[in-house]
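For what it's worth, the working numbering labels the leading residue of the sequence shown as 4, then goes sequentially.
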Amino acid sequence: MAPRAISRGITRRQALAAALATGVGVGAIRLIGGSMQQLATSRSATASGWISPLSSESARVMHLLRRTTLGYTPSQLEAALADGFNKTVDRLLESKPAEPPAFATADAPGGRFAIAQLQQWWLDHMLSTATPFAERMTLFWHGHFTTDYRKAANNTFVYWQNLTWRRMAMTDLRSMLLQVTTDPAMLRYLDLATSTGQNPNENYSRELMELFTMGAGNYTEDDVRESAKALAGWQLPPPDSVGTGNNNQRLPVYSSQKAGVFNPRRAYRGSVTYLGKTGPLDAEGVIDRILAQPSTATLIAGKVARQFVHGRPSDDYVARLGDAFRRSKYDVKALMHAVFTSPEFTADKSYRGLVKSPTEFMIGAARALGASSLSRVIASSGAGMGQTLFDPPDVNGWPNNESWISSNTVVARVNFVTAALGQVKGTLPPAADAIHGQIDGVLSQQTASLLTGAADDRGRWFITLASPEFQLK
């Protein structure tokens, strides 16, 4: 795992800042940058190359926590190790999501509060929650049923959607599809709120099939046009009142009605031919026909496998998961249980086979440090790594796995470690606990050498959190 030399590592300013904050020499920082750059330039950034410890029960437990919890604290690790792998899987799946605190300005007129406030609210909850798997699944569905806050144009709607995915994350796909179809943020984002029977908008009908369920190649352009007719008629909920915004603007205030309303006068009247059947059809009927297609279960199962198991799962594995998902009537909890208890999940080739997303990396670092007050640093660092909550790059959501690693994002990750350690005052937890409890004590020669040469625990923390080992899960 020797790092490839690079001509331009971390910049001089970044290296000096890191050295000043941690006591680690500039040469050591460049070596970390070189190892990370190897991840960025390798043809297979997540190819293991590590000696897998997954024959050990404790290693399997830590592997499970890395994949499911956005990071874990020493006490959470201790509890999971005491329970063992199977009991920890059951506890993760059965735990009711901890409710986040109410967002104070959610009913601001027009939903006009800064998105940064909402981002920090969610990050604060990620850092402190007793049910981090619920937040990991909320993030998963946020990336799948993508909504951009700018197009939604009302941050109250975005807040409601976040609450929805937390509440529904482990329910069933049919309920989720019915919900997202009438979700106010989605009604705005993909223009279903403006769609009428006389002038149907095809944006939502297309993405519903291509990205959310069946996948490209499993429907026709006629299916897009016909389902757009069947889905027409939904519009935004009525406001509860009118309030005064900036510059004395009169703006709607939303608080009670959190779903769109159906207006039959705006709907399509007549039969449609959709996915091979002809007759009257509404939104519920569209979703039921989609769920009758085997490709829907396969698409969701494949996405789950790529995010939780391996960046390139086999077709046979995805098909097996998809079949089980469909037989369970699209029960998400059943799907996740099948994933976590499958041999593929703890196979040696899965060990460090995925790259942590920026949010996973930063929340995981903060939780390992026992630092619950880093939400501002995390919020300001995500864009440099390619992930800003509530602001995905496009309707496809965020990329995955090795796409997170580039020369620029590597620098941003190391810079975050510097900033985070600079915010944590006083005595840090023992770095040895993180070396064994976060990265299994499985180290490259370069990382082991740097840790041996570090002057103090702050330096060892920097090396651990900035190491390639900690970027992987």
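Glycine included, each C-beta is placed from N, C-alpha and C at the ideal position. If you're wondering where the values come from, they're calculated on a predicted model, not measured in any experiment.
TODO: Taking 7 Å as the cut-off, decide whether the C-beta atoms of V420 and F364 are in contact.
DONE: Indexing the sequence shown from 1 puts residue 420 at position 417. Indexing the sequence shown from 1 puts residue 364 at position 361. Not closer than 7 Å, so no.
- [ ] Could you tell me the boundaries of the beta strand (DSSP E) in which K90 lies?
- [x] Within the sequence shown, the letter at position 87 stands for residue 90. Run containing K90: none in the beta strand (DSSP E); it sits in the alpha helix (DSSP H), F88 to E97.
TODO: Would you mind reading off the limits of the alpha helix (DSSP H) that contains V414?
DONE: Taking the first residue of the sequence shown as position 1, residue 414 is located at position 411. Counting along the chain, the alpha helix (DSSP H) containing V414 begins and ends at S410 to Q426.
- [ ] Go through its chain and collect everything with a Cβ distance to T281's Cβ below 8 Å, but skip five positions before and after it.
- [x] Locating residue 281 in the sequence shown gives position 278, where the first residue counts as 1. Answer for T281: S274 and V275, listed in chain order.
TODO: May I ask which residues mark the beginning and end of the beta strand (DSSP E) holding V256?
DONE: Indexing the sequence shown from 1 puts residue 256 at position 253. Segment R253 to V256, the beta strand (DSSP E) holding V256.
Open item on the list: Assuming S178 is part of the alpha helix (DSSP H), what are its boundary residues?
Closed with: If you number the sequence shown from 1, residue 178 lands on position 175. It spans L176 to T184 - the alpha helix (DSSP H) in which S178 sits, taken as one unbroken run.
Open item on the list: Please return the same chain residues whose Cβ sits closer than 8 Å to the Cβ of T76, not counting the five positions on each side in sequence.
Closed with: Along the sequence shown, read from residue 1 onward, the residue named residue 76 stands at position 73. The answer, listed in chain order, is R370, A371 and G373.
Task: Cβ shell of A155 (< 7 Å), same chain only, five flanking positions each side left out - done: For the purposes of this step, residue 155 is taken as residue 152 along the sequence shown, with counting starting at 1. The answer, listed in chain order, is V161, A188, R191 and Y192.
Open item on the list: Could you tell me the alpha carbon to alpha carbon distance between F348 and T184, rounded to whole angstroms?
Closed with: As a working note, residue 348 is residue 345 in the sequence shown. As a working note, residue 184 is residue 181 in the sequence shown. Distance between the alpha carbons of F348 and T184: 32 Å.
Open item on the list: Please identify the residue among R209, V358, S375 and G200 whose C-alpha is closest to the C-alpha of P283.
Closed with: Within the sequence shown, the letter at position 280 stands for residue 283. Nearest C-alpha to P283: G200.
- [ ] Would you mind sorting G114 into buried or exposed? The rule is 16 or more other CB atoms within 10 Å of its CB.
- [x] By one-based count along the sequence shown, residue 114 stands at place 111. When all chains shown are included, G114 counts as buried.
Task: Where the beta strand (DSSP E) containing K280 begins and where it ends - done: Residue 280 sits at position 277 when you count from the first residue of the sequence shown. First-last of the beta strand (DSSP E) with K280: K280 to G282.
TODO: Give the DSSP-derived three-state secondary structure of Q390 in the structure shown.
DONE: Along the sequence shown, read from residue 1 onward, the residue named residue 390 stands at position 387. DSSP places Q390 in coil when its eight states are reduced to three.
Task: Classification of I366 by the beta-carbon crowding that lies within 10 angstroms, buried from 16 upward - done: To locate residue 366, count along the sequence shown from 1; it is residue 363. So I366 ends up on the buried side.
TODO: Alpha carbon to alpha carbon, how far is G389 from L211? Give it in angstroms, no decimals.
DONE: As a position in the sequence shown, residue 211 is number 208, starting the count at 1. As a position in the sequence shown, residue 389 is number 386, starting the count at 1. Going from the Cα of L211 to the Cα of G389 covers about 25 Å.
Open item on the list: According to DSSP, simplified to helix, strand and coil, what is D334?
Closed with: Against the sequence shown, residue 334 aligns to sequence position 331. DSSP places D334 in strand when its eight states are reduced to three.
- [ ] Give the straight-line distance between the Cα atoms of A107 and P395, rounded to the nearest whole angstrom.
- [x] Against the sequence shown, residue 107 aligns to sequence position 104. Against the sequence shown, residue 395 aligns to sequence position 392. Straight-line Cα distance between these residues: approximately 24 Å.
- [ ] Measure from the alpha carbon of A137 to the alpha carbon of each residue in K332, K99 and Q164, then state which is nearest.
- [x] In the sequence shown, the residue the question calls residue 137 occupies position 134. Here the closest residue by C-alpha is K99.
Task: Y207 in three-state terms, based on DSSP - done: Walking along the sequence shown from the start, residue 207 turns up at place 204. Y207 falls in the helix class under three-state DSSP.
- [ ] Quick one: using the 10 Å Cβ neighbour count with 16 as the cut-off for buried, is P112 buried or exposed?
- [x] Your numbering for residue 112 matches position 109 in the sequence shown. Label assigned to P112: buried.
TODO: Quick one: using the 10 Å Cβ neighbour count with 16 as the cut-off for buried, is T428 buried or exposed?
DONE: Counting from 1 along the sequence shown, the entry for residue 428 is found at position 425. According to the sequence shown, residue 428 is Lys rather than Thr. K428 comes out exposed.
Task: Beta-carbon proximity of A469 to V413, cut-off 7 Å - done: Taking the first residue of the sequence shown as position 1, residue 469 is located at position 466. Taking the first residue of the sequence shown as position 1, residue 413 is located at position 410. Not a contact, by the Cβ cut-off of 7 Å.
TODO: Work out the CA separation of L302 and T167 for me, nearest whole Å.
DONE: Numbered from 1 along the sequence shown, position 164 holds the residue referred to as residue 167. Numbered from 1 along the sequence shown, position 299 holds the residue referred to as residue 302. Distance between the alpha carbons of T167 and L302 is about 22 Å.
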